[in-house]
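Working notes, structure below.
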Amino acid sequence: MTYIVALLCVLGIAAGQILFKISANGLLQSGSFFSVKTLAALSAAICLYGLTTLAWVWVLQRIELGRIYPLMALAFVLVPIGSHFLFGERFQTQYMIGVALIIVGILVATKA
Numbered sequence: 133m134t135y136i137v138a139l140l141c142v143l144g145i146a147a148g149q150i151l152f153k154i155s156a157n158g159l160l161q162s163g164s165f166f167s168v169k170t171l172a173a174l175s176a177a178i179c180l181y182g183l184t185t186l187a188w189v190w191v192l193q194r195i196e197l198g199r200i201y202p203l204m205a206l207a208f209v210l211v212p213i214g215s216h217f218l219f220g221e222r223f224q225t226q227y228m229i230g231v232a233l234i235i236v237g238i239l240v241a242t243k244a
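So that you can map any letter, position 107 of the sequence shown is 239 in the numbering used here, and since no number is skipped, the others follow by simple counting.
Following this line, the structure appears as C-alpha cells:
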C-alpha cells in the first residue's frame, strides 16, 4: 500500500507540473494571473501539490527516505510524456536515452 501511495505522489507531482504549464500558457495568452484559465490551473496545481505533500509525509513515516526517493525520478519521465501529448512538445533521441537511464537507475536504486 505504501508504494502505491508513493507512486500516486509521483503522479501528483507530474500532474502538478502539467497544471503549472497550463497556467503559464493561460498567463501568456491573457497577460493576467486573474484570468479564469490561469487561476483555475494554478489553484489546482497548488492544491494537488499540497495533497501530494501530505501523502508523501505519510509515506516517509513508513519507508526510509533513501529507499523511496528514487521513485520521484519517475516524474522526470512522466512530465515530458504528458507535455508531448498535451502541448505537442517533441522528443529527441538523446532524451529517450536519458529516460532509459533514469528508469534503469530507479530500478537499481530501489533494489539496493
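Ideal placement from N, C-alpha and C gives every residue a C-beta, glycine not left out.
Check, Outcome
"Residue 188 burial status per 10 Å Cβ neighbour count (16 or more: buried)", "buried"
"Nearest-angstrom Cβ-Cβ length linking residue 139 and residue 180, presumed shorter than 8 Å", "Wrong, their Cβ atoms sit about 15 Å apart, outside the cutoff."
"Residue 178 versus residue 155 - alpha carbon distance", "11 Å"
"Minimum C-alpha distance to residue 171 - residue among 153, 197 and 134", "153"
"Limits of the unbroken alpha helix (DSSP H) element including residue 207", "207-219"
"Coil, strand or helix - residue 133 by DSSP", "coil"
"Where the alpha helix (DSSP H) through residue 230 begins and ends", "225-243"
"DSSP state of residue 199 mapped onto helix, strand, coil", "helix"
"Among 217, 218, 210 and 220, the one whose alpha carbon lies nearest that of residue 230", "210"
"Meets three-Cβ-pair contact criterion under 8 Å: the stretch 156-167 and the stretch 224-238", "no"
"Residue burial classification, residue 239 (beta-carbon count within 10 angstroms, cutoff 16)", "exposed"
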